[in-house]
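K.L.:
Line by line, the protein sequences give chains A and B.
Note that this note's numbering has the first sequence beginning at 4, numbered continuously upward.
Note that this note's numbering has the second sequence beginning at 16, numbered continuously upward.
Just so it is clear, CB atoms sit at the ideal spot from N, CA and C, and this is done for glycine as well.
These numbers were taken from a predicted model, which means no experiment stands behind them.
My questions will all concern the structure given below.
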Amino acid sequence: MTEISAADAAVPVVLRVNGDEYRIAAEPRRTLADALREDCGLTGTHLGCEHGVCGACTVLVDGEPVRSCLMFAVQSQDVEIRTVEGLAAADGTLHPLQEAFWRHHGLQCGFCTPGFLMLSAGILETSPDIGDEELREALSSNLCRCTGYQTIVDSVRSVLDAGEA
Amino acid sequence: MGESDRPRGGPLIGESVLRLEDRPLLVGEGRFLADVSFEGELHLRVVRSDVAHGVLRGVYLDDVLAAEGVVAAWSADEVAHVPAIEFRMTGFDELRPYCQRILAGEYVRYVGDPVAVVIAEDPYLAEDAAELAFVDIEPLEPVMEATSPGAPAPLALEHEQGDVDAAFAGAHRIVELRATVGRHSGIPLETRGLLARPVDGDGPEGNRVELYGIAKVPHYNCATIANMLDLEPGQVIGREGHVGGGFGVRGELYPEDLLVTYAALKLGRPVKWVEDRREHMVAANHSREQAYHVRAAVDEDGVVQAIDGEFFHDQGGYVRTHGATVPNLSVALLPGPYLVPSYRARGRIRLTNKTPAGTYRAPGRFESTFVRERLMDRVANEYDLDPVEVRRRNLIPAEAMPFDRGVSTLGTSLVYDSGDYQRLLERLLTHIGYESLRESLAQRREEGEMIGLGIGMFVEKSGLGPFDDVRVRRLDDGGVEVVTGAASVGQGMETAMAQICGDVLGVDYTDVSVRHGQTDLIGRGMGAFASRVTVMTGVAVYLAATELAATGEPAEVTFNTDHMTYPYGAHAAVVRVDAGTGGVAVERYIVAYDVGRAVNPMLVEGQIIGGVAQGVGGALLELFAYDADGQPLATSFMDYLMPTVAEQPPVEVLLSEDAPSPLNPLGLKGAGEGGTTACGAAIAAAIDDAISRPGAVTSLPATPELVRSLLRT
């Protein structure tokens with residue numbers, strides 16, 4: 004039997020993340036989340052379950068919230084990926100969602116926060132007129148074990164409302 | 016919040032200032048364990064038993080060692096010299112034979128029991144290679160119930176005060192209850208993990224190993240690891256980073272902590288282990304599973320004169336660091352806020368072939384509060400009294416404070432330090448408009464809805480000593496540095512400590528830096544558990560800052576205490592039951608909680624609301640179920656259900672500061688657990704009310720299956 008080593012199996016992959024291009028070599032089985040964290044050094048994307056339920060690894064792929072633990076790196080070429088590292092402005096000014104999570108105490112341990120921020124960013128951009136009930140349903144995609152969600156909902160709602168003003 | 020308008024230099028204690036911790040967490044610059052890497056690091060994978068109980072005939076690692084990227088693989092023989100993991104708290108000699116070795120040798124005792132480790136150059140390769148391990152186990156019959164006769168029974172905790180037998184002999188009525196709480200746990204969103212990094216030392220200790228991913232009790236864990244691996248205490252250094260939730264589970268000393276440290280020292284390279292979620296569900300401490308049989312001797316007025324209770328505590332396959340902590344707390348806090356002049360309890364610790372159990376937020380209180388409050392509801396029903404009226408008749412009056420409960424727990428005698436339980440209850444009732452709310456719910460029931468209200472009361476405990484050390488000094492840039500041996504598990508302790516320090520010194524809290532969880536910065540430290548940090552570390556910060564203010568010199572102080580502080584609360588739940596599915600929706604949830612004095616009300620409310628989410632999970636959703644062979648049936652987030660925003664009710668918090676603790680100069684009590692404590696009790700009572708079946712719910716979680724079965728009978 005011919006042994007195929009993992010290194011041999013790695014294929015070149017180009018990821019476009021937050022406007023930057025990363026040229027990496029990834030085995031076909033390598034998840035997008037691991038590629039972002041280990042190969043691109045973008046550790047803001049967190050892994051809470053690696054089976055697509057908790058949403059801590061949520062990133063935006065072409066503007067849509069996606070579980071990066073359920074996508075392979077090799078499937079992620081030719082798309083625009085955005086992670087939590089790309090939310091704040093280059094001068095460090097926080098994104099309105101980041102500012103709102105801070106002001107409304109929308110985080111405690113902060114582990115789920117990048118996932119909630121990216122999920123919310125997707126909502127903000129695709130459904131700025133979303134109603135309260137739909138917002139709760141959309142935010143129910145992700146798990147938080149610290150906050151009881153109330154302040155997360157308040158945070159996102161405040162940004163949506165400010166956008167309408 | 017108006018934070019930007021807040022005047023600098025004003026009072027800080029009691030202000031809802033924004034957290035110091037948040038910026039790195041918001042921009043993706045957190046340093047959680049998995050985010051830390053070092054050049055040349057290796058990756059460890061644990062091979063675990065997939066049999067609940069059996070004789071370990073052999074562990075064969077030849078194929079593992081031949082696999083790509085593997086550097087080492089070991090079974091129990093390699094670490095046979097490492098002793099079993101000792102108790103951190105509430106140890107008993109009778110429990111010592113049940114302590115866990117870091118790798119199972121002769122027997123496996125639960126699915127998930129570590130039997131070997133694989134260390135490889137890459138985490139994917141470590142996981143591939145671990146699949147090649149051949150573990151030969153001859154299965155034995157598993158013990159799956161704490162109440163079954165075959166369960167090892169090392170110890171019963173016994174307590175008796177007053178004349179229980181006389182109270183029962185003279186009782187107007189005896190009210191009896193059997194109730195059970197299901198097995199669930201903290202499930203922090205970040206799994207456990209550890210990175211051990213050998214470093215060349217130039218100090219007297221020589222070479223050292225730094226531990227990243229250490230949490231909760233860094234000083235204890237580092238000292239214990241050093242002791243177990245025959246190192247000098249100063250050779251193991253804790254480097255606490257960001258911690259993705261604690262809840263009692265994370266940061267206890269587990270076999271993996273020893274295995275990773277051992278591997279790093281043996282191989283001379285950094286070794287990293289990041290638990291995966293399935294592992295977490297079978298390997299990290301479970302909690303809560305207790306089965307009660309309680310009786311109350313009640314007089315003609317509905318006043319409980321005695322409680323006589325027995326419970327079986329399902330400890331799982333081993334006794335871990337918490338020893339008998341959870342059943343000890345169950346015994347001590349079962350009488351709760353009520354007078355109960357005579358009291359007897361027996362907590363029977365039983366070993367089963369499930370994941371070992373430890374503490375989880377409000378340990379022993381979530382369980383015993385469920386049972387006690389169910390018992391009070393049953394008294395109310397049998398005496399045809401309003402549930403609130405029964406509680407009024409039994410509450411300890413404010414004049415009786417401080418109230419010696421006549422029992423000891425965690426090495427302290429349990430004396431409620433202050434409280435006006437009646438006043439808090441009335442405040443809750445006024446807030447919800449008790450009478451009119453009951454009428455409107457009755458009206459909705461008449462119209463066909465299954466909707467009801469439930470109330471639960473409790474006493475919490477906080478501020479466990481015996482000491483906390485703090486150093487405070489002014490920095491050259493005008494800032495102030497606080498060094499503590501406490502830890503952060505994500506609760507906002509840096510902000511709270513900075514507020515106390517800033518308040519005393521008249522500097523802004525943003526100019527105070529709080530350093531914690533670094534064991535080489537301060538000689539000793541107790542860490543973060545038992546809602547202790549705000550009280551113990553907070554008071555130590557207050558004393559140190561006060562000394563600095565007086566002398567102008569850097570100050571180092573120790574705050575000692577022999578007693579805990581006792582916050583108290585009342586929960587109310589309104590729930591709706593779906594007659595078709597048995598599903599329960601919590602429509603409204605109210606927590607009244609007295610914390611003596613709130614350093615940062617926003618953070619306290621955050622603790623309470625988050626605590627409610629975990630309590631709702633334990634009351635309705637979360638359950639580590641097993642099949643008859645001991646196979647765990649909840650090993651992913653698909654089958655272990657936690658509340659999402661869709662299940663979480665809106666929570667109204669009535670934060671109360673009626674009863675400052677007389678035991679410390681700031682009047683502080685801890686706030687970390689009271690959001691969780693009475694969720695099971697209040698929700699169960701509300702379900703009873705909704706389905707018009709008093710006393711129906713006697714086990715948690717009240718799953719749709721369980722509620723449907725109640726509706727059918």
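Can you tell me which of Ala171(B), Leu635(B), Ile624(B), Ala141(B) puts its alpha carbon nearest to the alpha carbon of Asp108(B)?
P.N.:
Ala171(B)
K.L.:
Check whether the Cβ atoms of Gly469(B) and Asp392(B) lie closer than 9 Å to each other.
P.N.:
Cβ distance < 9 Å, so Gly469(B) and Asp392(B) count as in contact.
K.L.:
Does the segment 477-489 of chain B come into contact with the segment 563-577 of chain B, if we say contact requires no fewer than three beta-carbon pairs (one atom in each stretch) closer than 8 Å?
P.N.:
yes
K.L.:
Contact criterion: CB-CB distance below 9 Å. Does Ala699(B) meet it with respect to chain A?
P.N.:
no
K.L.:
Do Ala321(B) and Val394(B) have their C-beta atoms closer together than 9 Å?
P.N.:
no
K.L.:
Determine whether the Cβ of Ala321(B) lies closer than 9 Å to any Cβ atom of chain A.
P.N.:
no
K.L.:
Taking Lys281(B) as part of the beta strand (DSSP E), name the residues at either end of that continuous run.
P.N.:
Segment 270-282 is the alpha helix (DSSP H) holding Lys281(B); no beta strand (DSSP E) there.
K.L.:
Give me the chain A residues within the contact set of Thr659(B), using Cβ-Cβ distance strictly less than 7 Å, ordered along the chain.
P.N.:
Ser143, Leu146
K.L.:
Looking at the secondary structure, which residues open and close the alpha helix (DSSP H) in which Gly165(B) lies?
P.N.:
Note, Gly165(B): premise wrong, no alpha helix (DSSP H); not H, not E.
K.L.:
Under 9 Å, Cβ to Cβ, is there at least one residue of chain A near Val86(B)?
P.N.:
no
K.L.:
Is there a Cβ of chain B sitting closer than 9 Å to that of Pro117(A), yes or no?
P.N.:
yes
K.L.:
Consult DSSP for Pro352(B) and reduce its assignment to one of helix, strand or coil.
P.N.:
Pro352(B) falls in the coil class under three-state DSSP.
K.L.:
Checking the sheet assignment: what are the DSSP bridge partners for Val302(B)?
P.N.:
The sequence as given places Ser at residue 302(B); Val does not occur at that position. Under DSSP, Ser302(B) shares a beta bridge with His199(B).
K.L.:
Please list, in chain order, all residues of the same chain as Gly261(B) whose beta carbon is under 6 Å from its beta carbon, the five residues on each side excluded.
P.N.:
Same-chain partners within the cutoff: Lys231, Val504.
K.L.:
For Ile202(B), return the contacting residues in chain A, with the cut-off set at a CB-CB distance below 8 Å.
P.N.:
Arg148
K.L.:
For Leu110(B), collect the residues of the same chain with a Cβ closer than 8 Å to its Cβ; drop the 5 residues on either side in sequence, then sort them by chain order.
P.N.:
Phe102, Pro169, Leu170, Val334, Gly338, Ala339, Ile364
K.L.:
What is the C-beta distance between Val403(B) and Arg303(B), in whole angstroms, given that I count them as a contact (C-beta under 8 Å)?
P.N.:
About 27 Å; that fails the 8 Å criterion.
K.L.:
Mind checking the segment 107-139 of chain A against chain B and listing, in chain order, the residues whose C-beta falls within less than 8 Å of any C-beta there?
P.N.:
His107, His108, Leu110, Gln111, Cys112, Gly113, Phe114, Cys115, Thr116, Pro117, Leu120, Arg139
K.L.:
Here's a check: name, in chain order, each residue in its chain whose Cβ is nearer than 8 Å to the Cβ of Ala555(B), leaving out the five neighbours to either side.
P.N.:
Asp483, Asp484, Val485, Thr499, Val572, Thr573, Phe574
K.L.:
State yes or no: is the C-beta of Asn300(B) within less than 9 Å of the C-beta of Gly645(B)?
P.N.:
no
K.L.:
Tell me, please, which residues DSSP counts as bridged to Glu325(B).
P.N.:
His308(B), Arg361(B)
K.L.:
Mind checking whether Phe171(A) and Gly208(B) have CB atoms under 9 Å apart?
P.N.:
Not covered by the structure: residue 171(A). The range shown for chain A is 4 to 168.
K.L.:
CB-CB under 6 Å to Tyr25(A), same chain, minus the five flanking residues each way: which ones, in chain order?
P.N.:
Leu18, Cys43
K.L.:
Please tell me whether Tyr122(B) and Leu80(B) are closer than 9 Å, where the distance is taken between their beta carbons.
P.N.:
no
K.L.:
Using the beta-carbon count (16 or more within 10 Å), is Pro129(B) buried or exposed?
P.N.:
Label assigned to Pro129(B): buried.
K.L.:
Can you check the segment 79-153 of chain B for any alpha helix (DSSP H) of at least 4 residues that lies completely inside it and give the ranges in chain order?
P.N.:
Taken in chain order, the complete alpha helix (DSSP H) segments of 4 or more residues contained in the segment 79-153 of chain B are 138-145.
K.L.:
Tell me whether Glu191(B) sits in a helix, a strand or coil according to DSSP, three-state version.
P.N.:
strand
K.L.:
Can you confirm whether His301(B), when its beta carbon is compared against all beta carbons of chain A, has any partner nearer than 9 Å?
P.N.:
no
K.L.:
Within 9 Å (strictly less), CB to CB, does Ile624(B) reach chain A?
P.N.:
Flagged as an interface residue toward chain A: Ile624(B), by a C-beta distance shorter than 9 Å.
K.L.:
In chain order, what residues of the same chain lie with their CB nearer than 6 Å to the CB of Val190(B), ignoring the 5 residues before and after it?
P.N.:
Within the same chain, Val190(B) has close Cβ partners Ala311, Val313, Arg393, Val394, Glu397.
K.L.:
Given a threshold of 16 other Cβ atoms within 10 Å of its Cβ, counted over all protein chains shown, does Leu390(B) qualify as buried or as exposed?
P.N.:
buried
K.L.:
Below 7 Å on C-beta distance, what does Gln78(A) contact in chain B?
P.N.:
What Gln78(A) touches in chain B: nothing, since even the nearest Cβ is about 17 Å away.
K.L.:
Please name the residues in the segment 29-47 of chain B whose beta-carbon is closer than 9 Å to at least one beta-carbon of chain A, in chain order.
P.N.:
Ser31, Leu33, Arg34, Glu36, Asp37, Arg38, Pro39, Leu40, Leu41, Val42, Gly43, Glu44, Gly45, Arg46, Phe47
K.L.:
Assuming Arg116(B) and Ala131(B) form a contact by the criterion Cβ under 8 Å, report the distance between their Cβ atoms to the nearest whole angstrom.
P.N.:
Their Cβ separation, rounded to whole angstroms, is 13 Å, which puts Arg116(B) and Ala131(B) out of contact at 8 Å.
K.L.:
Reducing DSSP to helix, strand and coil, say where Pro39(B) ends up.
P.N.:
helix
K.L.:
Check whether the segment 351-363 of chain B touches the segment 242-256 of chain B, taking contact to mean three or more Cβ pairs, one atom from each stretch, closer than 8 Å.
P.N.:
no
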